[in-house]
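Under numbering that gives the first Met the number 0, the first residue of the sequence shown is numbered 0, with each subsequent residue one higher.
From the three backbone atoms N, C-alpha and C, an ideal C-beta is built for every residue, glycine too.
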Amino acid sequence: MNPKHIHIADYNYSLPDERIAKYPIAERDHSKLLVYQHGEVSEDVFYHIVSYLPKGSLMVFNNTKVIQARIHFRKETGALIEVFLLEPALPNDYELMFQTRGACSWNCLVGNAKKWKEGTLKRELEIGGEKVTFCAEKDLLSDGKRISFTWDNNHFSFAEVIEAIGELPIPPYLNRETEESDKTTYQTVYSKIKGSVAAPTAGLHFTDDVLKAIDEHGVDREELTLHVGAGTFKPVKSEEIEGHEMHTEYISVKRQTIEKLLAHDCSAIAVGTTSVRTLESLYYIGVKLCRNSQLEEGDLHVNQWEPYELAEQGCTISPREALQAIVDMMVKHRLQTLHSSTQIIIAPGYDYKIVKMLVTNFHQPQSTLLLLVSAFVKGDWHKIYDYALAHEFRFLSYGDSSLLIP
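Given below as structure tokens:
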């Protein structure tokens, strides 16, 4: 079947509101763990996950950190305007952005935009006892999506400013305000690289104790970065998924991680759908380089339907050849980290290249993430979700977890 003609209505299920976890449980690693193993479903506690992981395997985590991306301004008229940071515009590099002092610009969503046609929004704040005036202005040449920010105290970086003024954006389906506790509970214990507007929630169950147990069990661990965009919550509104445009997300992967994948026979246990999207995108980046070794980082974006088009063409490039091509390109250009972007959509009909086991939460009905899971378990998602609903599992970002072994 052509994935473009999948009817999203076929991936619906009834999710009662009371099954959506509004808050995390007290101890992260005490969440329930559904284990799907070769078609059989059972349950356990998350801190036992290590017993299901093959010794000598490689587990890959997304180390992105959620930023306080929601900024509120009040106009002199009293209107409340929300500016939601989506992705850096100038500078367009995440690392440089958070080090910037004095001025920068972002592509944003604006709430209550009708009340802010033009003019400057201002907020007074205090950082470490010093006063700062923070301003936002629309770039009218960018359809109002690009917002320029300035602040009058160069002692402070943009990272410090939004830490003081911003609000952590918890998922809209929690139907509640962000609370102080979310600043801790909505970050993974290994989060490092700032840039996401949503957490890679499969990682929320891991604790330092579980990570230590994984190490002691003889499982290798590597990290990569995919900055989760607001598009992760974008519903599929088209009847067939051909009409759904996937959002672009930015990825960075160290050369040593790709070399570690090669050492592990190009196989990985992915923690979360964001790690899946990054790992599988690496294969298609490598295919581009196998076909044209002159390509550079800026030419390596993975398009939404590229995997399926390559399959139709009968692409025979192996994961090893693809990953080796990336390493060769990085050595040639003396790159320690690969920076690229992906729009990949993983749906039934997709042939997984690198991911062999998946740790993931329970996803919304009719979502692209549910399509990804269905593709991974060869269409057997109903068995997993029926079990979870019948056995009191908690759903979505703060909910319970699953380990999927096809």
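Item	Value
Alanine 269 - partner residues in DSSP beta bridges	Val59 and Leu357
Member of Thr149, Pro405, Arg393 and Ile404 whose CA lies at the smallest distance from the CA of serine 30	Arg393
Proximity below 8 Å, CB of glycine 101 to CB of threonine 149	yes
Length at least 4, wholly inside the segment 204-287: the alpha helix (DSSP H) runs in chain order	207-215 and 254-262
Residues near histidine 6 by beta carbon distance below 7 Å, same chain, minus five either side	Glu238 and Glu239
Asparagine 302 and glutamine 342 closer than 8 Å at C-beta	yes
Those residues which DSSP pairs with glycine 110 across a bridge	Glu81
CA-to-CA distance, glycine 118 to aspartate 151, given in whole angstroms	18 Å
Nearest-angstrom Cα separation, counted from isoleucine 146 out to tyrosine 384	41 Å
Unbroken stretches of the alpha helix (DSSP H), 4 residues or longer, contained in the segment 376-404	380-389
Whole-Å CB distance - valine 44 paired with alanine 197, under 8 Å assumed	The Cβ separation is near 26 Å, so there is no contact.
Cα-Cα separation between arginine 27 and asparagine 360, rounded to whole angstroms	13 Å
Simplified DSSP assignment, three categories, for valine 326	helix
Cut-off 7 Å between Cβ atoms - residues of its own chain near isoleucine 24, not counting five sequence neighbours on either side	Ser30
Contact belief for glycine 202 with threonine 187 at Cβ below 8 Å, rounded distance in angstroms	4 Å
Same chain, Cβ closer than 7 Å to leucine 338, five either side skipped, listed in chain order	What sits at residue 338 in the sequence shown is histidine, not leucine. Here the set comprises Ser251 and Glu296.
Closest residue to serine 416 among Met356, Tyr386 and Gln335 (Cα-Cα distance)	This structure gives no information on residue 416, because the portion of the chain shown stretches from 0 to 405.
For lysine 64: DSSP bridge partner residues	Lys193
Cysteine 107 to valine 82 span [Cα, whole Å]	6 Å
Isoleucine 316 - containing alpha helix (DSSP H), residue span	Unbroken run through isoleucine 316: none, as it is neither H nor E.
Limits of the beta strand (DSSP E) - the one that threonine 43 falls within	For the record, residue 43 in the displayed sequence is aspartate; it is not threonine. That run of the beta strand (DSSP E) goes 39-44.
Alpha carbon of leucine 334 to alpha carbon of isoleucine 353, nearest angstrom	22 Å
Residue environment, threonine 183, which counts as buried when at least 16 other CB atoms sit within 10 Å	exposed
Beta-carbon gap between leucine 52 and alanine 229 smaller than 8 Å	no
Cβ pair count under 8 Å reaching 3, the segment 266-277 against the segment 112-126	no
At least 3 beta-carbon pairs within less than 8 Å: the segment 360-374 vs the segment 314-327	no
Inter-residue Cα distance where the pair is aspartate 92 and alanine 389	45 Å
DSSP three-state assignment for isoleucine 161, whether helix, strand or coil	helix
Burial state of glycine 398, where buried means 16 or more other Cβ atoms lie within 10 Å	buried
Contact between the segment 366-379 and the segment 254-266 (3+ Cβ pairs under 8 Å)	no
Under the three-state DSSP convention, the category leucine 370 falls into	helix
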